[in-house]
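Residue numbers (our numbering), protein chains in the order written: chain A, 683 to 974; chain B, 31 to 336. Ideal Cβ placement from N, Cα and C applies to all residues, glycine included.
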């Protein structure tokens with residue numbers, strides 16, 4: 683039995699639904715439509731068939747971008763699934779001052795990627811903190827080109843992403859740790875299980891579901907990387923444009939007289955498939971693990 | 031998505047008085063108390079992680095305060111400036127209209143926060159507390175869009191905004207993010223945890239939908255609502271790619287785009303860039319530090335969960 687007029691819920695839902703249709707669903711469809719055109723940033727555009735998709739096959743920068751994305755994901759995954767869990771265990775106990783530490787660890791998440799990338803740019807500069815210290819300690823004789831070498835630049839950006847993500851995933855784990863049975867921990871402690879054994883046999887299985895969710899989040903955000911690489915490379919995408927990510931390429935084609943929204947849309951479709959694959963794989967793993 | 035309830039939190043559990051002291055006497059410690067050694071180890075680790083997470087910000091702050099005559103490239107890094115000065119903050123304002131950029135960022139953030147608080151709480155309430163036809167389908171639509179990374183549709187979103195005549199405007203920057211699908215789902219989840227009986231009692235008392243929303247619904251979801259607001263603010267303030275695509279006129283830049291502009295065009299003095307980054311960083315830290323207890327309370331209510 684209903685206690686309101688039929689249209690009341692719709693009045694409440696309409697604003698959100700409008701946004702969903704205009705800024706999510708329609709753009710999804712329109713991306714596919716645009717990818718068959720040569721639309722320009724200022725407007726216009728005509729149907730060009732599969733031309734954009736043919737161009738994708740010969741795009742050398744895209745090949746580098748895809749390789750970079752895969753490396754990004756593969757390196758980020760282990761670090762960002764394990765380290766934040768250890769951090770969460772560290773800040774779980776309510777010690778005096780723990781709120782301060784939790785908040786402080788979360789600070790890099792709150793800061794804009796642009797801000798932290800500019801900070802790292804200065805730290806990794808040829809004459810910056812890291813090179814200065816390393817030379818002082820005699821580890822290296824000349825400065826390491828963190829920001830101008832193709833691979834060093836990529837790995838600098840990856841480290842930045844890992845550093846910035848620690849607090850974010852820590853908080854998600856922290857919420858999950860609250861659900862891990864305390865009784866189990868207590869029983870194991872009474873039975874003389876070491877902290878390490880309790881971590882491996884109680885904590886990890888207890889947060890398994892969260893871990894898989896987090897792996898999906900890490901993979902997808904690694905494949906979507908933009909600001910870190912963009913700022914660290916000074917907007918140029920590294921030597922010969924070999925440090926671009928797919929999103930950086932999309933951004934490049936979105937602007938200026940050389941811009942081509944049709945091609946950018948074709949790149950967006952590539953990005954969609956690239957992000958969906960790890961999502962499906964990890965979701966499958968989750969189901970299998972749940973069945974076992 | 032489930033609500034994170036944690037009855038096992040130490041604070042909520044009354045100490046089982048008899049057993050814990052007895053154990054301590056025998057030299058072993060109750061589960062909640064830590065041995066002095068473990069405490070020390072924990073604090074050492076906490077401070078170590080603190081240095082890693084906060085260190086770079088302090089270094090940047092220090093650089094921004096170092097005088098122009100001071101050697102910032104020295105091999106023996108000095109955290110404390112020997113000639114502290116605030117002059118670089120003024121220099122930033124002389125180089126780029128940084129206060130205008132801040133106002134622009136604030137405008138966008140306020141629009142996004144306002145839109146999300148209103149839009150997502152209304153929709154979340156209707157989807158969780160009211161029965162209507164196609165409710166499940168609407169809910170499914172919101173869920174389905176979560177699979178789609180925002181960057182995939184960013185180009186056609188730009189086309190939409192351009193066709194609305196909002197390209198190169200701050201309103202165009204704010205508009206698409208004003209009601210986020212994820213926020214609608216978070217609010218839906220929060221409203222759902224309220225027992226149905228409360229609603230029924232209110233209906234018996236003759237409360238209409240609006241009264242139930244304002245007097246019963248909203249007060250019970252303050253935690254989640256503040257998380258939605260905090261994240262909306264941070265998201266809008268920090269966003270870079272979208273304003274970079276929408277805005278072409280340097281007068282209209284938001285802080286992040288303006289900073290990139292500063293570092294790309296005038297990147298001669300690291301002190302200047304450092305001062306610029308601090309101008310963008312300090313407000314967001316203040317906002318977060320002030321609101322962090324709502325944030326962590328919201329986390330415990332389960333608001334932060336994919």
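Anyone know if the C-beta pair for residue 165 of chain B and residue 247 of chain B falls short of 8 Å?
One-based indexing of the second chain puts residue 165 of chain B at position 135. One-based indexing of the second chain puts residue 247 of chain B at position 217. No. Outside cutoff.
Residue 309 of chain B and residue 698 of chain A closer than 8 Å at C-beta:
Looking up residue 309 of chain B in the second chain gives position 279. Looking up residue 698 of chain A in the first chain gives position 16. It is not a contact, given that the beta carbons lie outside the stated cut-off.
How about residue 186 of chain B and residue 760 of chain A: do their beta carbons lie closer than 8 Å?
Along the second chain, read from residue 1 onward, the residue named residue 186 of chain B stands at position 156. Along the first chain, read from residue 1 onward, the residue named residue 760 of chain A stands at position 78. In this structure, residue 186 of chain B sits away from residue 760 of chain A, with a CB-CB distance that is not shorter than 8 Å.
Rounded straight-line distance, which links the Cα of residue 810 of chain A to that of residue 204 of chain B
As a working mapping, residue 204 of chain B is identified with position 174 in the second chain. As a working mapping, residue 810 of chain A is identified with position 128 in the first chain. Between residue 204 of chain B and residue 810 of chain A, the C-alpha separation is close to 36 Å.
In the DSSP output, what is residue 719 of chain A paired with across the bridge?
Counted from its first residue, the first chain places residue 719 of chain A at position 37. A:729.
Are the region 939-958 of chain A and the region 710-725 of chain A touching, with three or more C-beta to C-beta distances below 8 Å?
yes
Residue 183 of chain B versus residue 951 of chain A - alpha carbon distance:
Here the question's residue 183 of chain B lines up with position 153 in the second chain. Here the question's residue 951 of chain A lines up with position 269 in the first chain. Going by the C-alpha atoms only, they are around 9 Å apart.
To the nearest angstrom, how far is it from the Cα of residue 891 of chain A to the Cα of residue 250 of chain B?
Translated into the one-based positions of the first chain, residue 891 of chain A becomes position 209. Translated into the one-based positions of the second chain, residue 250 of chain B becomes position 220. Spanning the two alpha carbons is a distance of roughly 28 Å.
Can you list, in chain order, the residues of the region 125-143 of chain B whose Cβ is nearer than 9 Å to any Cβ on chain A?
Residues of the region 125-143 of chain B with a C-beta atom less than 9 Å from some C-beta of chain A do not occur.
For residue 763 of chain A, tell me which candidate among A:969, A:967, A:854, A:833 has the shortest Cα-Cα distance.
Here residue 763 of chain A corresponds to residue number 81 of the first chain, with the count starting at 1. Among A:969, A:967, A:854, A:833, the Cα nearest to that of residue 763 of chain A is on A:854.
Helix, strand or coil at residue 281 of chain B according to DSSP, with G and I counted as helix:
Start at 1 with the first residue of the second chain, and residue 281 of chain B comes out as number 251. Three-state DSSP puts residue 281 of chain B in a helix.
When you compare each of A:801, A:835, A:937, A:971 to residue 923 of chain A by their alpha carbons, which one comes out closest?
Taking the first chain and counting its residues from 1, one reaches residue 923 of chain A at position 241. Of the candidates A:801, A:835, A:937, A:971, the one whose C-alpha sits nearest the C-alpha of residue 923 of chain A is A:835.
Where residue 906 of chain A meets chain B, residues with beta-carbon distance less than 7 Å:
The residue given as residue 906 of chain A occupies position 224 in the first chain. Result: 179, 181.
C-beta contact flag for residue 398 of chain B and residue 147 of chain B at 8 Å
Any answer about residue 398 of chain B is impossible in this case: the structure gives chain B only from 31 up to 336.
Quick check on residue 48 of chain B - is its C-beta less than 8 Å from some C-beta in chain A?
On the second chain, residue 48 of chain B is found 18 positions in, with the first residue counted as 1. In this prediction, residue 48 of chain B has a pLDDT of 36, which is less than 50 and means its spatial position is unreliable; what the coordinates show is noted afterwards. Answer no: the Cβ-Cβ gap between residue 48 of chain B and chain A never drops below 8 Å.
Contact under 8 Å by Cβ, residue 913 of chain A with residue 230 of chain B
Along the first chain, read from residue 1 onward, the residue named residue 913 of chain A stands at position 231. Along the second chain, read from residue 1 onward, the residue named residue 230 of chain B stands at position 200. Result no, Cβ atoms of residue 913 of chain A and residue 230 of chain B do not sit closer than 8 Å.
Which two residues bound the contiguous alpha helix (DSSP H) that contains residue 70 of chain B?
For the purposes of this step, residue 70 of chain B is taken as the residue at position 40 of the second chain. First-last of the alpha helix (DSSP H) with residue 70 of chain B: 66-95.
Quick one: is residue 245 of chain B buried, meaning 16 or more other Cβ sit within 10 Å of its Cβ, or exposed?
Sequence index remark: in the second chain, residue 245 of chain B carries index 215 (1-based). The residue in question, residue 245 of chain B, is exposed, as its Cβ has fewer than 16 Cβ neighbours within 10 Å.
Could you say if the region 298-312 of chain B and the region 105-114 of chain B meet the contact criterion of at least three C-beta pairs nearer than 8 Å?
no
Cross-chain neighbours of residue 706 of chain A in chain B, by beta carbon under 8 Å:
On the first chain, position 24 is the one that residue 706 of chain A refers to. The answer, in chain order, is 175, 178, 183, 211.
Along chain B, which residues have their Cβ under 7 Å away from the Cβ of residue 760 of chain A?
Residue mapping note: residue 760 of chain A aligns to position 78 of the first chain, counting from 1. By Cβ distance, chain B contributes nothing, its closest Cβ being about 18 Å from residue 760 of chain A, past 7 Å.
Using the beta-carbon of each residue, which ones in chain B are nearer than 9 Å to residue 784 of chain A?
Within the first chain, residue 784 of chain A is the residue found at index 102, counting from 1. Those are 322, 326, listed as they occur along chain B.
Could one say the Cβ of residue 72 of chain B lies closer than 8 Å to chain A's Cβ atoms, at least one of them?
Here residue 72 of chain B refers to the residue found at position 42 when the second chain is read from its first residue. It does; some Cβ of chain A falls within 8 Å.
Between the alpha carbons of residue 328 of chain B and residue 121 of chain B, how many angstroms are there, rounded?
Residue numbering aside, residue 328 of chain B sits at position 298 when the second chain is read from its first letter. Residue numbering aside, residue 121 of chain B sits at position 91 when the second chain is read from its first letter. Rounded to whole angstroms, the separation of the alpha carbons of residue 121 of chain B and residue 328 of chain B is 40 Å.
Sorted by chain position, which residues of the same chain lie with C-beta nearer than 7 Å to residue 128 of chain B's C-beta, five sequence neighbours on each side aside?
Counted from its first residue, the second chain places residue 128 of chain B at position 98. In the same chain as residue 128 of chain B, and ignoring 5 residues on each side of it, the C-beta atoms closer than 7 Å to its own belong to 122, 288, 306, 309, in chain order.
Answer yes or no: does any C-beta atom of chain B fall closer than 8 Å to that of residue 833 of chain A?
Here the question's residue 833 of chain A lines up with position 151 in the first chain. No, its Cβ sits nowhere closer than 8 Å to a Cβ of chain B.
Report the CB separation of residue 758 of chain A from residue 904 of chain A in whole angstroms; it is logged as a contact under 8 Å.
Sequence index remark: in the first chain, residue 758 of chain A carries index 76 (1-based). Sequence index remark: in the first chain, residue 904 of chain A carries index 222 (1-based). Under the criterion of beta carbons closer than 8 Å, residue 758 of chain A and residue 904 of chain A qualify as touching, at roughly 5 Å.
For residue 285 of chain B, which residues in the same chain have their Cβ closer than 7 Å to its Cβ, ignoring the five residues on either side in sequence?
For this step, residue 285 of chain B is matched to residue 255 along the second chain. Apart from sequence neighbours up to five positions away, the residues of its chain that approach residue 285 of chain B with a beta-carbon distance below 7 Å are 131, 132, 135, 310, ordered along the chain.
Short of 8 Å in beta carbon distance, which residues of its chain neighbour residue 302 of chain B, apart from the five on each side in sequence? Order them along the chain.
Residue 302 of chain B sits at position 272 when you count from the first residue of the second chain. So the qualifying residues of the chain are 118, 121, 122, 125, 292, 296.
DSSP three-state label for residue 941 of chain A, please.
As a working mapping, residue 941 of chain A is identified with position 259 in the first chain. Residue 941 of chain A: coil per DSSP, three-state reduction.
Rounding to the nearest angstrom, what Cα-Cα distance links residue 862 of chain A and residue 813 of chain A in this structure?
As a working mapping, residue 862 of chain A is identified with position 180 in the first chain. As a working mapping, residue 813 of chain A is identified with position 131 in the first chain. So the alpha carbons of these two residues sit roughly 43 Å apart.
Under 8 Å between C-beta atoms of residue 264 of chain B and residue 786 of chain A
Here residue 264 of chain B corresponds to residue number 234 of the second chain, with the count starting at 1. Here residue 786 of chain A corresponds to residue number 104 of the first chain, with the count starting at 1. No, they are not a contact pair.
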